[in-house]
Amino acid sequence: MVKSSRRSFLKGTGAAVAYAASPVNAVEESFELRYMLASSMYGKTSLEEILPEVKRTGSESIDIWPMGHANQREQIEAMGHDRFRDLLEEHDVRLGMTTRYDLGPYRLQHEMRFVKAFGGHQIVCGAKTANGDTLKEKVSNFVKSLSDPVKLAEDLGITIGIENHSGSLISSADSIKYFCDFSPSKHLGIALAPYHLPQDDNLIAQLIEHSNDKLVHFYAWQHGMGCHKPMPKPLELLQLPGQGVLDFGPAVKALAKINYNRHVEIFMHPTPRGIPIVDGTQAVGDVINHAREYMSRAIGRSGV
37 MVKSSRRSFL
47 KGTGAAVAYA
57 ASPVNAVEES
67 FELRYMLASS
77 MYGKTSLEEI
87 LPEVKRTGSE
97 SIDIWPMGHA
107 NQREQIEAMG
117 HDRFRDLLEE
127 HDVRLGMTTR
137 YDLGPYRLQH
147 EMRFVKAFGG
157 HQIVCGAKTA
167 NGDTLKEKVS
177 NFVKSLSDPV
187 KLAEDLGITI
197 GIENHSGSLI
207 SSADSIKYFC
217 DFSPSKHLGI
227 ALAPYHLPQD
237 DNLIAQLIEH
247 SNDKLVHFYA
257 WQHGMGCHKP
267 MPKPLELLQL
277 PGQGVLDFGP
287 AVKALAKINY
297 NRHVEIFMHP
307 TPRGIPIVDG
317 TQAVGDVINH
327 AREYMSRAIG
337 RSGV
């Protein structure tokens, strides 16, 4: 992973976030992004408080995270499935997917049925190691090892998204390309996270185009100053679109080129994990909306 250099120190300590000015100019959009809201952005805030934020952040659905980064998945089990269903209906929100790094790709059987029962369509998790003499062979063997989970996903109409996470088998640009090439099913694809890649806007755009219909999820998330050590909040928020140095214009142009119609998440990780990205539920939504506005301007600048 290549870390980006700091463009500037974002000033201001009295507010939860300092916003960086964007040079892009908004124009009428002909291509629109479909957003999903990650519950982890709110830490361990209750679902009763988070669900009204889905529509306020321009999102169509919610991505439910478990302990470690959040606890909304555990909240659902504690309140009961009927109560969760009532909350979704009350706020006119759909479950989009769950993120289950804790389960990994081989233990998703129960979770796929859970997601299906609530009308969701996807689960994101990480890759596992595989044998092989070359990276290409390892990726091929990993994909082959997923035959049973993929078969169940196909039967249930669920997609398994593998995130390109640093330190995992699927992390480099080449491994992402191999993975997409070897995937035998539209129900197995890449959940692309620019954070874990070199901060090269053209490389990210190239990977989007190469992934094509195997791109099943896109995180609007850049490296900024990282997310593994405490730092002033304005620096931590450099992970968000429009805050750090990464230009998302080429990415959205590539998304339009492949007619991407799946979901995008405005995303980052706070330090420590399990807390909201900023203090206050409304403030979290405001930060997400600022990032979303930047993405809209990036679409305008790209001319798509």
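Residue numbers (the numbering used here): 37 to 340. The C-beta atom is built at its ideal place from N, Cα and C for all residues, glycine as well. Keep in mind it's a predicted model, so treat the numbers as computed, not measured.
Residue i: which of the options sits nearest, CA to CA?
i, options, result
"residue 199", "193, 190, 213", "213"
"residue 220", "181, 253, 231", "181"
"residue 192", "216, 224, 168", "224"
"residue 150", "281, 215, 189", "189"
"residue 134", "292, 217, 105, 293", "105"
"residue 256", "229, 264, 281, 270", "229"
"residue 120", "271, 138, 84", "84"
"residue 82", "253, 300, 112", "112"
"residue 67", "314, 290, 307", "290"
"residue 202", "215, 168, 216, 233", "233"
Considering only residues of the same chain and omitting the five flanking positions on each side of residue i, which have a CB-CB separation below 8 Å?
i, result
"residue 93", "71, 73, 302, 321, 324, 325, 328"
"residue 297", "70"
"residue 110", "102, 103"
"residue 307", "263, 264, 265, 266, 267, 272"
"residue 138", "102, 103, 104"
"residue 114", "none"
"residue 216", "225, 226, 246, 247, 248, 250, 251"
Do the CB positions of residue i and residue j come within less than 8 Å of each other?
i, j, result
"residue 153", "residue 205", "no"
"residue 86", "residue 97", "no"
"residue 88", "residue 127", "yes"
"residue 240", "residue 286", "yes"
"residue 211", "residue 171", "yes"
"residue 316", "residue 80", "no"
"residue 141", "residue 100", "no"
"residue 176", "residue 218", "yes"
"residue 237", "residue 283", "yes"
Can you tell me the Cβ-Cβ gap for residue i and residue j, rounded? I've got them flagged as a contact below 8 Å.
i, j, result
"residue 207", "residue 226", "That pair is no contact at about 11 Å."
"residue 124", "residue 136", "Actually they are not in contact, since the Cβ atoms of residue 124 and residue 136 sit about 19 Å apart, beyond 8 Å."
"residue 160", "residue 129", "Contact flag wrong, Cβ pair sits at about 19 Å."
"residue 194", "residue 251", "17 Å between Cβ atoms; not a contact."
"residue 132", "residue 108", "Not confirmed; about 13 Å, so no contact."
Identify, in the order they occur along the chain, each residue of the same chain with its Cβ nearer than 6 Å to the Cβ of residue i, setting aside the five sequence neighbours on each side.
i, result
"residue 288", "334, 335, 338"
"residue 43", "Reliability fails at residue 43, whose pLDDT of 40 lies under 50, so the model's placement of it is uncertain and no value is given."
"residue 305", "263"
"residue 78", "86, 312, 320"
"residue 254", "228, 300"
"residue 292", "67, 340"
"residue 168", "174, 177"
"residue 95", "71, 72, 73"
"residue 117", "none"
"residue 122", "none"
Compute every distance between the C-beta of residue i and the non-hydrogen atoms of the ligand ATP, then say whether any falls below 7 Å.
i, result
"residue 285", "You won't find the ligand ATP in this model; it holds no ligand whatsoever."
Using a Cβ-Cβ cutoff of less than 7 Å, which residues in the same chain neighbour residue i once the five nearest sequence positions on both sides are dropped?
i, result
"residue 178", "163, 164, 166, 205"
"residue 274", "260, 261, 280"
"residue 148", "159, 188, 189, 192, 194"
"residue 155", "130, 131"
"residue 222", "249"
"residue 245", "290, 293, 294"
With DSSP as the reference, please indicate the residues paired to residue i in a beta bridge.
i, result
"residue 206", "Residue 206 is not bridged to any residue."
"residue 315", "Per DSSP, none; premise fails for residue 315."
"residue 199", "227"
"residue 158", "133, 195"
"residue 300", "71, 254"
"residue 106", "103"
"residue 78", "312"
"residue 98", "73, 131"
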